[in-house]
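In my numbering, the protein residues as written are 28 to 175. We put the CB at the ideal spot given by N, CA and C, even for glycine.
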């Protein structure tokens, strides 16, 4: 299983914001820091906002910030809300046409893969965004550019 770039960028942004709760970040700042497309990051920001993970404000002095404490954001929840399709095999996808697989009537692989996916997500549910950015001591995981 591989997470999409969309989810990867979402995690990067959330981790960036979790490391600096005292100030808002801008999309350009985050895109520049990670060397990623600003255009793609705008889509990620919009989705994270709709999901309730971040708050955005426009205009001079505006920016992005977490909408809740990083300890309250489950990594599993982020994946569930960012990934459009968590099916591990084609026949488990929502748009799969029944009858396309000759093994379907006797296949137990689906239930095994469903169990594996559930274990993966349950493991991630045990960790928060705060856990993902925590390091020994008070050292920051991300070094931020000085504003001003």
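Please report the Cβ distance between residue 61 and residue 39, rounded to the nearest whole angstrom; I am assuming they are in contact, meaning their Cβ atoms lie under 8 Å.
Taking the first residue of the chain shown as position 1, residue 61 is located at position 34. Taking the first residue of the chain shown as position 1, residue 39 is located at position 12. So it is a contact: roughly 5 Å between Cβ atoms.
Measuring CB to CB, does residue 154 end up less than 8 Å from residue 102?
In the chain shown, counting from the first residue as 1, residue 154 sits at position 127. In the chain shown, counting from the first residue as 1, residue 102 sits at position 75. Cβ distance < 8 Å, so residue 154 and residue 102 count as in contact.
Return the residue from the list 157, 44 and 112 that minimises the CA-CA distance to residue 141.
Position 114 of the chain shown, counted from the start, is the residue given in the question as residue 141. Checking every option, the nearest Cα to that of residue 141 belongs to 112.
Rounded to a whole number of angstroms, what is the C-alpha to C-alpha distance between residue 49 and residue 93?
Here residue 49 refers to the residue found at position 22 of the chain shown. Here residue 93 refers to the residue found at position 66 of the chain shown. One C-alpha to the other measures close to 10 Å.
Endpoints, the beta strand (DSSP E) within which residue 82 is located:
Reading the chain shown from its first residue, position 55 is the one you call residue 82. Residues 81-84.
If contacts are defined as beta-carbon pairs under 8 Å, then residue 52 and residue 43 qualify, I think. What distance do you get, rounded to the angstrom?
Indexing the chain shown from 1 puts residue 52 at position 25. Indexing the chain shown from 1 puts residue 43 at position 16. Their Cβ separation, rounded to whole angstroms, is 6 Å, which keeps residue 52 and residue 43 in contact under 8 Å.
On the CB-based measure, 16 or more other CB atoms within 10 Å of its CB, does residue 100 come out buried or exposed?
Your numbering for residue 100 matches position 73 in the chain shown. Looking at its Cβ environment, which holds 16 or more other Cβ atoms inside 10 Å, residue 100 is buried.
Considering residue 70, what are the terminal residues of the alpha helix (DSSP H) in which it resides?
Locating residue 70 in the chain shown gives position 43, counting from the first residue. Residue 70 -> alpha helix (DSSP H) spans 65-77.
How would you call residue 156, buried or exposed, if buried means at least 16 neighbouring beta carbons within 10 angstroms?
Counted from its first residue, the chain shown places residue 156 at position 129. Under this definition residue 156 is a buried residue.
Reference residue 159, options 145, 97 and 74, closest by Cα:
As a working note, residue 159 is residue 132 in the chain shown. Taking only the C-alpha atoms, the option nearest residue 159 is 97.
Would you kindly check if the distance between the Cβ of residue 67 and the Cβ of residue 109 is under 8 Å?
Residue numbering aside, residue 109 sits at position 82 when the chain shown is read from its first letter. Residue numbering aside, residue 67 sits at position 40 when the chain shown is read from its first letter. No; because the gap between Cβ atoms is not below 8 Å, this pair is not in contact.
Taking the alpha-carbon of residue 35 as reference, which of 64, 46, 47 and 56 has the nearest alpha-carbon?
Here residue 35 refers to the residue found at position 8 when the chain shown is read from its first residue. Ranking the options by Cα distance to residue 35, first place goes to 64.
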